[in-house]
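Novice:
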Amino acid sequence: MQKRSITHSINKFTIELYSQLKEYEENLFFSPFSIYSALTMVYIGAKDETKEELEKLLHITISQRRIPLEINKLVNKLKNNKNVEVRIANSIWVDQFYELLESFIHNIDSNYNGELFHENFDNVGEVCHKLNKWVKKNTNEKIKSIISPLAFDPDFKLILLNAIYFNGLWVDKFDENKTKEHNFYPLNGNFNKIPMMHQITSFPYYETENLQIIKLDYKKPQDSTNEAEFSMIILLPKEKDGIRELQKTLSLKHINHYLEKLIKRKVKIYLPKFKLESKYKLKKTLNKMGMTNSFSKQANFSGIADPSNNMSPFIGEVVHKGFIDVNEKGTEAAAATMITMAPKAIPFQQEIPVFKVDHPFLFFIWDSTTQAIIFMSQVLNL
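In our numbering, the protein residues as written are 206 to 587.
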């Protein structure tokens, strides 16, 4: 098997996950990086068929022991930008009577910088309060809760949490005085009045017969001469209902092609000012993607807990929540993932192109130094 970078694996997983989530027919916002990172935390303790299943799902082409090292290197790169705030946190919550292998605890501590909490899982209210408090703290209070006592299964023995928070300022900020009401046209044929930001500036831009692509950079360190680390890439169909075709044809190959073709030129951009929140229970989605053994009692996670001392764990659910705020100054985004375990280019145009985001579109936030997609979104209605 050809060895690929961990970011290539994350990006492939991103597109495959989106191809499933788009069936929800609603606004989407999620962090594939957060979900992927959380799943690798259980992967490092997987054996046999369970390990093979997760390798296929996560497109892993390197050894199991190298995965946490590569995730650690990637996280350190993502956090290495003084002008963009990136926080990535991990934690393990284990029932006080459940024993984890020291090797697993050491791996999470050293490579994921993970916190370990021993709690009495019989005290559901208190455990949920502490879990939600941890998520709230590590997402700058943008995600206030991820689980309620009513959703807490008494069979839970082990909970893995990953949280990511992003706050970046635009290189080219929008003037708040130019933000005006415009129509946004969802797929139902109606329209909504929404605040639309506007500016005429040079941006990396490309268009095909059916699609416009633009890259909005976030601020980079002043001592850096490299391309801005973080950017928002917006894929805008030219037709008001063009999102359907984009959903069908989107691929990692297409995205890489668009990014390679971007050329800086003056653009009239109109961008909605908006906030999105989302929550997903991903078990059924991951089942469709081939992850079934991990959710069954046949799962082998003997690298997490010794089956001779405990009931062998399996994954109960994967819960993911996301939040994003796009405004004149920049973008604030957060996401948290919880895993519970139980026993064609057109000719160049001279006129300034108009990039008006007044109908369904896709966007993602990525890091150009690692080429990793950190957040992805589908906006159908505002």
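Virtual Cβ for every residue (Gly too), placed ideally from N, Cα, C. Keep in mind that this is a model prediction, so the values were computed, not measured.
Beta carbon of Ser-573, beta carbon of Arg-470: below 8 Å?
Specialist: Not closer than 8 Å, so no.
Novice: So the alpha helix (DSSP H) Ala-538 belongs to, where does it begin and stop?
Specialist: Run containing Ala-538: none in the alpha helix (DSSP H); it sits in the beta strand (DSSP E), 535-547.
Novice: For Gly-508, which three-state DSSP category applies?
Specialist: Residue state, collapsed to three classes: coil.
Novice: Measure the alpha-carbon distance for Met-401 versus Phe-379 and round it to whole angstroms.
Specialist: Computed Cα separation, rounded: 10 Å.
Novice: Taking the DSSP output, what are the residues bridged to Ile-351?
Specialist: Ile-351 pairs with nothing; no bridge assigned.
Novice: With a cut-off of 8 Å on the beta carbons, I'd call Leu-363 and Met-546 a contact; round off their distance for me.
Specialist: Leu-363 to Met-546, Cβ: 4 Å. Contact.
Novice: State yes or no: is the C-beta of Ala-541 within less than 8 Å of the C-beta of Ile-310?
Specialist: No, they are not a contact pair.
Novice: Among Phe-500, Lys-287, Leu-392, which has the Cα closest to the Cα of Glu-450?
Specialist: Answer by Cα proximity: Leu-392.
Novice: Measuring alpha carbon to alpha carbon, tell me which residue in Ile-439, Lys-443, Thr-255, Ser-242 is nearest Leu-588.
Specialist: Because the chain is modelled from 206 through 587, residue 588 falls outside the range shown and cannot be assessed.
Novice: Rounded to whole angstroms, what is the Cα-Cα separation between Asn-343 and Lys-284?
Specialist: Distance between the alpha carbons of Asn-343 and Lys-284 is about 14 Å.
Novice: Measuring only the C-alpha atoms, how far is Asn-316 from Val-280?
Specialist: Their backbone Cα atoms lie some 10 Å apart in a straight line.
Novice: Here's the rule: buried if 16 or more other CB atoms are within 10 angstroms of the residue's CB, otherwise exposed. What is Ser-236?
Specialist: Buried.
Novice: Quick one: residues in its chain with C-beta nearer than 8 Å to the C-beta of Val-247, no 5 flanking neighbours on either side, listed in chain order?
Specialist: Around Val-247: Leu-259, Leu-365, Ser-499, Phe-506, Ile-509, Ile-520, Ile-544, Met-546.
Novice: Can you give the Cα-Cα distance for Asn-328 and Ser-210, rounded to whole angstroms?
Specialist: Spanning the two alpha carbons is a distance of roughly 42 Å.
Novice: Have a look at Leu-274 and Ile-297 and give me their C-alpha separation to the nearest angstrom.
Specialist: C-alpha separation (whole angstroms): 18 Å.
Novice: What number of angstroms, rounded off, separates the C-alpha of Lys-339 from the C-alpha of Asp-530?
Specialist: Note on residue identity: the sequence assigns Trp, not Lys, to residue 339. Whole-angstrom Cα-Cα distance: 21 Å.
Novice: Under three-state DSSP, which class holds Val-472?
Specialist: Three-state result, Val-472: strand.
Novice: Whole angstroms are fine: how far does the CA of Asn-216 sit from the CA of Leu-597?
Specialist: Examination of residue 597 is not possible in this model, given that the chain is present from 206 through 587 alone.
Novice: Let me check understanding here. Comparing Cα to Cα, which of Asn-461, Gly-373, Ile-405 lies closest to Glu-434?
Specialist: Taking only the C-alpha atoms, the option nearest Glu-434 is Gly-373.
Novice: Quick check on Leu-355: buried or exposed, where buried means 16 or more other Cβ atoms within 10 Å of its Cβ?
Specialist: With fewer than 16 other Cβ atoms within 10 Å, it is exposed.
Novice: Is it the case that the Cβ atoms of Asn-337 and Lys-349 are separated by a distance below 8 Å?
Specialist: Yes. Within cutoff.
Novice: Quick one: using the 10 Å Cβ neighbour count with 16 as the cut-off for buried, is Tyr-410 buried or exposed?
Specialist: That one is buried.
Novice: Can you give me the C-alpha to C-alpha distance between Gly-527 and Glu-537, rounded to a whole angstrom?
Specialist: If you take the alpha carbons of Gly-527 and Glu-537, they lie about 11 Å apart.
Novice: Once the 5 residues before and after Ile-405 are set aside, which same chain residues still bring their CB inside 8 Å of it?
Specialist: Within the same chain, Ile-405 has close Cβ partners Lys-471, Val-472, Lys-473, Ile-474, Ile-557.
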